[in-house]
Amino acid sequence: MKISIIYASQTGNTEAAAEYIMDGILEKSPFMQVKMMDVTEDEVDLDFLEQSEAVIFGSPVYFTGMSWELKKWFDQSFRIKLNGKLGTVFVTANSLSGGTDTAIMDIIRHMLVKGMFVFSGEGSRSLGAFQIGAAVQAKELDKYEDQLEALGANVAEAVVAHLTSGNK
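Structure below.
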């Protein structure tokens, strides 16, 4: 079982958030194969991505939207097959009231166009922390470690449940 984490990170905050998510996945399901891929470094492993059961997208919030690097990746990825995959979103922002919801929806719209199943990230460990994805404040990232790890664990749990129910 594979999960891809695709993100854009300029200052390292979104990458650090992705690492917390990966920790949550591996804590919940140590047998999972997880790969973090930074689009700003052109690190996307297309074979791994297409074999993944789930994809988690992350971006810093810029002017209430996703970063231009992630937007460019979506715009140029029209041949990449993501249909039927479980997907969720996380964003990092200077302020949680600075457009995190619209940035999350911006990414979700692209996921829907790709035919993905959108998963809020809500699950047994999040205690109502997620509405439509995870939003964290970049300058206090360590404060959100548990929330981000819960997002990863919940995605791993959803992937395992989906695959073991025979709904491949």
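Reading the sequence shown from the start, the letters are residues 4 to 171 in our numbering. In this text, a Cβ means the ideal position worked out from N, Cα and C, and glycines have one as well. Treat the numbers as computed from the prediction; the structure is a model and nothing was measured.
Nearest-angstrom Cβ-Cβ length linking residue i and residue j, presumed shorter than 8 Å
i: residue 122; j: residue 91; result: 5 Å
i: residue 41; j: residue 69; result: Rounded, the Cβ-Cβ distance is 14 Å, inconsistent with contact.
i: residue 137; j: residue 96; result: With 8 Å as the limit, residue 137 and residue 96 do not qualify as a contact, their Cβ atoms being about 11 Å apart.
i: residue 118; j: residue 85; result: 7 Å
i: residue 144; j: residue 16; result: 6 Å
i: residue 148; j: residue 65; result: That belief does not hold up - the Cβ atoms of residue 148 and residue 65 are roughly 24 Å apart, past 8 Å.
Cβ shell of residue i (< 6 Å), same chain only, five flanking positions each side left out
i: residue 135; result: 107 and 123
i: residue 115; result: none
i: residue 75; result: none
i: residue 120; result: 89
i: residue 53; result: 84
i: residue 72; result: 11, 42 and 43
C-beta atoms of residue i and residue j nearer than 8 Å
i: residue 6; j: residue 83; result: no
i: residue 37; j: residue 29; result: yes
i: residue 43; j: residue 12; result: yes
i: residue 151; j: residue 57; result: no
i: residue 125; j: residue 31; result: no
i: residue 27; j: residue 141; result: no
i: residue 67; j: residue 14; result: no
Sheet register partners of residue i (DSSP bridge)
i: residue 8; result: 39 and 59
i: residue 89; result: 57 and 120
i: residue 95; result: 63 and 139
Neighbourhood of residue i by C-beta distance below 7 Å, restricted to the same chain and skipping five residues each side
i: residue 55; result: 5, 6, 7 and 88
i: residue 9; result: 40, 42, 47, 58 and 60
i: residue 113; result: 77
i: residue 18; result: 10, 12 and 41
i: residue 99; result: 138 and 140
i: residue 51; result: 5, 7 and 38
Spatial neighbours of residue i in its chain, beta-carbon cut-off 8 Å, leaving aside the 5 residues before and after
i: residue 34; result: 4
i: residue 163; result: 4 and 32
i: residue 25; result: 8, 37, 39 and 155
i: residue 101; result: 64 and 67
Closer than 7 Å: residue i CB and nearest the ligand SAM heavy atom
i: residue 73; result: The model on display carries no ligand, and the ligand SAM is accordingly not part of it.
**Report entry** alpha helix (DSSP H) segments (min. 4 residues) lying fully within the stretch 13–69
**Finding:** Correct list: 16–31 and 49–54.
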